[in-house]
Each structure stands twice: as C-alpha cells, then as structure tokens.
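Take a look at the structure set out below.
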Amino acid sequence: VSKGSALMNAVGLACPGVPFVESLLFGALISSIDPIAVLSVLSSMGMSETDTIYVLIFGESLLNDGVAIVLFETLKHFLDESLIINGAAVWAAAVHFLVVAIGSLIVGVVSGACCTAYYYAMRGVQTALVEVLMFLCWAFIPYYICDGVGWSGIVSVVAAGVVM
C-alpha cells in the first residue's frame, strides 16, 4: 500500500494538475492487489493450497485490502479545501489510522474469542443448521460493530477468523 501511494504521489508531483492529496488517495485505492488473479496464476503453475508462497500471498492479501481501505478513509479527510496540511494534521491522520487499525483488531479478537467460547459451551446442544446460522451471525457482529463506529469491518472479520 505504501509503495503504491508513494508512486502515485511521485506521479502527482510530476503532473502539477493533479493535487497531492488526490494522488495519494488514488494510490491507496489501486495499490491493493487482486488475490484471486495472483492465486489463479499460481494454481495454473501447479502450486497447491499447501505451498508456502500460496499461503503467504493469500494471508497478505487479506490484511492488504483492509489496510488499503483504512488508509483511503484516513486520507479522505484531507480532501477538505479548508484543511491546512501541516505536521499536526499529518500526526492526527497517523493517530486516526492507528486507532482504526488497532480498534478493529481488538474488536475482531474479542469477537472471535467470544465465538470460540460460545461454540465450546454449546457443543452437542445445537443442530447443524443452528450452528451454521450462528457462525454467520458471529462473522457479522465484528463487521457491523466496526462499521458503526467508522472502523474497518474487514480487518475485524479477518482477526475474528484467525482467532476462531
């Protein structure tokens, strides 16, 4: 994400008609890779889901998408024409980015731990249909909590899935 943002910033500086903040926004938007395309190319080369490179790219793409969204949302605040971009504004954006990222991770970890405790307590009590429906509910809970407070639902769901 940072390489894509830096590249678009360089292009933005070379093209004076493109504002600095808009070039950073565009860089954050396009820097996230398409994991389906990369993984399909790897599969066509004979790699399986158990190969290390396959697992690394899949895992990196999960967090890369979430970070790209958080970075985009953070940079979007700088589009305000009346905002003066100085050290304090950049510091505030960095703090906002960290709060969103860490807050989303915490919500996901707590939700995943609660889901694990729930399934441990209810093992053998529920039918298969109820278990599947509850699993979907547990996946939506961290997403909607984070979305409601303006954090990254994607990062929270990934964290919950890792804990589960």
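Letter by letter, the sequence shown follows residues 1 to 164 of the UniProt record's numbering.
Even glycine gets a Cβ: it sits at the ideal position worked out from N, Cα and C.
My output table needs one value for Ser43: the three-state DSSP class, helix, strand or coil. Three-state result, Ser43: helix.
Check whether the Cβ atoms of His77 and Ala94 sit closer than 9 Å, and answer yes or no. no
Alpha-carbon spacing of Phe72 relative to Met122, whole angstroms: 40 Å
In whole angstroms, what separates the C-alpha of Gly108 from that of Val55? 21 Å
Using beta-carbon positions only, say whether Ala68 and Ser32 come within less than 9 Å of one another. yes
Straight-line gap, Asp51 to Ala37 (C-alpha atoms, nearest Å): 17 Å
Using 8 Å as the Cβ pair cut-off and three pairs as the minimum, do the segment 152 to 159 and the segment 123 to 130 touch? no
Starting from Leu71, trace the alpha helix (DSSP H) in both directions and tell me its first and last residue. Unbroken alpha helix (DSSP H) run through Leu71: 52 to 76.
What residue does the alpha helix (DSSP H) around Leu136 start on, and which one ends it? 128 to 149
Within this structure, are the beta carbons of Val158 and Gly66 separated by less than 9 Å? yes
For Cys115, does the count of other Cβ atoms within 10 angstroms reach 16, so buried, or fall short, so exposed? buried
How is Gly87 classed by DSSP in three states: helix, strand or coil? helix
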